[in-house]
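Participant: Mind having a look at this structure? Questions to follow.
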Amino acid sequence: MDFELTSEQQMYQRAVHDFCAKEIKPYAGEVDQTGEMRWEAIHKMPTLGLTGLQVSEAYGGVGLDTLSSAIAIEELGWACGSTALSLAAHNGLCCGPISNWGTDAQKQKYLPKLTSGTVLGSLALTEPGAGSDLAGGVQTSAIRDGDEWVINGSKAWITNPRFAPVIVTLVRLNKEAGTRGFGMLLVEPGTAGLTIHPPEKKMGLHGSPTQMLTFDNVRVPADALLGEEGRGFHQTMQTLDGGRISIGALSIGLAQAAFEEAVRYAQQRRAFGKPISEHQAIQWMLADAAVEIEAARMLVYHAACLKDAGKDFGKMAAMGKLKASEVAEKVCHNAVQIHGSYGYSSEFPVERMYRDQRLMSIGEGTSEIQRMVIARHILREMASI
Ligand SMILES: Cc1cc2nc3c(=O)[nH]c(=O)nc-3n(C[C@H](O)[C@H](O)[C@H](O)COP(=O)(O)OP(=O)(O)OC[C@H]3O[C@@H](n4cnc5c(N)ncnc54)[C@H](O)[C@@H]3O)c2cc1C
């Protein structure tokens, strides 16, 4: 696999980097403290395609390849964890399924709005009693009543619902049919019976709203079904495979940002008569961080390239997400360590990055689930040797 970015990809990376450096990174602390997304920046994102990374141009997006999209999310992660998470969810978890399985009418209805930079989309899978085990645990159900679906249940830990014109919602349509009994429904906030609860109070990612939803006899039209009846679980797994590339990329961005802060600080701070960057213990932390970030980046880019080549990318996406999220944790930990007490202060961005990265080994499949996915692939591959 060749990871040399094309000149087009390099130009796109530079453009997104410059945009993030100007419009997002300087405000990341404010976003964290106020818990409010900086919409002024999001309104400008469509010019770079950031609100429709892989949506076709016919519906307002820029139809990028997976690698370019991953690079964009990496840059957003470098600038601000909250903004990056909301944009990753919007692109990969909401625009993605609608692009992949929507009818032309559904795409016409939602994608131009979703790519406009005025809203952000949402995907609701997780429930109070079901996260890793969606197949066994999802209780939210929809039953057919004439030409409508009637939804009852609740969803938890959902990113962006308060910004969304539509929430892609995983429901059980047939309890007897196991993983073949699910569907995805397009639910519009404002529909009677749907309550979007106040944002959760979280450790980090304060600007990215995470909310609970309750469905009390919520009625949506029959044509709100996204994709095939009974294929909702399969569609979810496919969506999460792609989402893992995104979260891997976001983790690399966060790690890169913390690493840069650590290098800068180590060159300024003096102890025992010289900059701390001249102490070997600090140099080793910096060297390890550089190696690990690059290794994680290669895995995530590899997964993106496999996806772009139409090859099976599930194992590599899980490997990339696992590695990148664990690297982000280690690099942010050491960046705080290098800052000493100042790293423990909210005056310094590494404190925010350390909190923000913690989600990356939990969301879109925990590290334990990534290891399970990787092991399943390995055992299947080895069985045929
Ligand atoms: C900030 C944030 C944003 C989120 N955004 C969204 C969103 O937009 N949409 C959405 O649907 N969800 C979202 N989530 C939910 C997230 O995807 C889930 O929290 C995650 O999948 C884990 O599920 P859980 O919390 O129910 O943990 P559980 O599944 O209860 O797991 C608890 C622990 O048990 C371990 N475990 C579970 N099963 C196994 C096993 N078989 N083997 C070994 N260990 C196991 C897990 O790894 C974990 O350590 C978000 C969560 C957060 C915190």
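Numbering follows my numbering, with no gaps: position 188 of the sequence shown is 188. Quick reminder that beta carbons are idealized off the backbone N, C-alpha and C, glycines included.
How is the beta strand (DSSP E) around Val187 delimited, first residue to last?
Facilitator: As a first step, residue 187 is located in the sequence shown; it is residue number 187 there, counting from the start. Its beta strand (DSSP E) spans residues Phe182 to Val187.
Participant: For the candidate residues Asn217, Gln139 and Val166, whose alpha-carbon lies nearest to that of Glu148?
Facilitator: Indexing the sequence shown from 1 puts residue 148 at position 148. Nearest of Asn217, Gln139 and Val166 to Glu148, Cα basis: Asn217.
Participant: As an exercise, report each continuous alpha helix (DSSP H) stretch of at least 4 residues that is fully enclosed by the stretch 214 to 268, in chain order.
Facilitator: Qualifying alpha helix (DSSP H) stretches, in chain order: 232 to 268.
Participant: Just how far apart, CA to CA, sit Ala142 and Met184?
Facilitator: Indexing the sequence shown from 1 puts residue 142 at position 142. Indexing the sequence shown from 1 puts residue 184 at position 184. Using only the alpha carbons, I get a separation of about 10 Å.
Participant: Indicate whether the contact test is met: 3 or more Cβ pairs, each with one atom in the stretch 246 to 254 and one in the stretch 73 to 80, closer than 8 Å.
Facilitator: Touching, per the Cβ criterion.
Participant: In or out: Arg14 buried (at least 16 other Cβ within 10 Å) or exposed?
Facilitator: In the sequence shown, counting from the first residue as 1, residue 14 sits at position 14. By the neighbour-count rule (16 or more Cβ atoms within 10 Å), Arg14 is not buried but exposed.
Participant: To which residues does DSSP link Arg270 through a beta bridge?
Facilitator: As a first step, residue 270 must be located in the sequence shown, where it is residue number 270. Answer by DSSP bridge pairing, in chain order: Pro275.
Participant: Is any non-hydrogen atom of ligand 1 found closer than 6 Å to the C-beta of Thr126, if you look at the structure I gave you?
Facilitator: Counting from 1 along the sequence shown, the entry for residue 126 is found at position 126. Yes - ligand 1 has a heavy atom lying nearer than 6 Å to the Cβ of Thr126.
Participant: Report the three-state DSSP secondary structure of Thr179 (helix, strand or coil).
Facilitator: To locate residue 179, count along the sequence shown from 1; it is residue 179. Note: Thr179 maps to helix in three-state DSSP.
Participant: Using CA atoms only, rank isn't needed, just tell me which of Val373, Trp101, Ile24 and Gly96 is closest to Arg231.
Facilitator: Taking the first residue of the sequence shown as position 1, residue 231 is located at position 231. It is Trp101.
Participant: Counting Cβ pairs, one atom from each stretch, are 3 or more of them under 8 Å apart for the stretch 37 to 49 and the stretch 13 to 27?
Facilitator: Output reads yes: the stretch 13 to 27 touches the stretch 37 to 49.
Participant: Under the assumption that Gly29 contacts Arg352 (Cβ atoms under 8 Å), give the Cβ distance between them as a whole number of angstroms.
Facilitator: Numbered from 1 along the sequence shown, position 29 holds the residue referred to as residue 29. Numbered from 1 along the sequence shown, position 352 holds the residue referred to as residue 352. Confirmed, Cβ separation roughly 7 Å.
Participant: Looking only at its own chain, which residues have a Cβ that is under 6 Å from the Cβ of Lys155, when we skip the five neighbours before and after it?
Facilitator: Counting from one through the sequence shown, the residue named residue 155 turns up at place 155. Excluding positions up to five away in sequence, the list reads Ala124, Glu127 and Leu213.
Participant: Would you grab the beta carbon distance between Glu381 and Gly243 for me? Rounded to a whole angstrom, and I think it's under 8 Å.
Facilitator: As a working note, residue 381 is residue 381 in the sequence shown. As a working note, residue 243 is residue 243 in the sequence shown. Incorrect: roughly 23 Å between the Cβ atoms, too far for contact.
Participant: Residues in its own chain within less than 6 Å of Glu314 by CB, not counting five upstream and five downstream?
Facilitator: Mapped onto the sequence shown, residue 314 falls at position 314. Before going further, note that residue 314 is Gly rather than Glu in the sequence given. Cβ neighbours of Gly314 beyond the five flanking positions: Asp241.
Participant: Express the C-alpha separation of Arg358 and Cys80 in angstroms, rounding to a whole number.
Facilitator: Start at 1 with the first residue of the sequence shown, and residue 80 comes out as number 80. Start at 1 with the first residue of the sequence shown, and residue 358 comes out as number 358. So the alpha carbons of these two residues sit roughly 14 Å apart.
Participant: For Gly310, is the classification buried or exposed, using 16 other Cβ atoms within 10 angstroms of its Cβ as the cut-off for buried?
Facilitator: The sequence position of residue 310 within the sequence shown is 310, counting from 1. Exposed, since its Cβ has fewer than 16 Cβ neighbours within 10 Å.
Participant: Mark Trp157 as exposed unless 16 or more other C-beta atoms lie within 10 angstroms of its C-beta, in which case mark it buried.
Facilitator: Translated into positions along the sequence shown, residue 157 becomes position 157. Buried, because 16 or more other Cβ atoms sit within 10 Å of the Cβ of Trp157.
Participant: Alpha carbon to alpha carbon, what distance is there between Val291 and Tyr301?
Facilitator: Residue numbering aside, residue 301 sits at position 301 when the sequence shown is read from its first letter. Residue numbering aside, residue 291 sits at position 291 when the sequence shown is read from its first letter. Roughly 15 Å between the two C-alpha positions.
Participant: Taking the Cβ atom as the reference point for each residue, do Ala289 and Val350 lie within a distance shorter than 7 Å?
Facilitator: By 1-based counting over the sequence shown, the position of residue 289 is 289. By 1-based counting over the sequence shown, the position of residue 350 is 350. No; because the gap between Cβ atoms is not below 7 Å, this pair is not in contact.
Participant: Quick one: what's got a C-beta closer than 6 Å to Ala304's C-beta in the same chain, skipping five residues either side?
Facilitator: Here residue 304 refers to the residue found at position 304 of the sequence shown. Result list for Ala304: Thr66, Leu67, Ala70 and Ile245, in chain order.
Participant: Closer than 8 Å by C-beta to Ala164: which residues in its own chain qualify, once you throw out the five before and the five after it? Chain order, please.
Facilitator: By 1-based counting over the sequence shown, the position of residue 164 is 164. The answer, listed in chain order, is Cys94, Val119, Leu120, Gly121, Ser122 and Pro189.
Participant: DSSP on Ala70, reduced to helix/strand/coil?
Facilitator: As a working mapping, residue 70 is identified with position 70 in the sequence shown. Three-state DSSP puts Ala70 in a helix.
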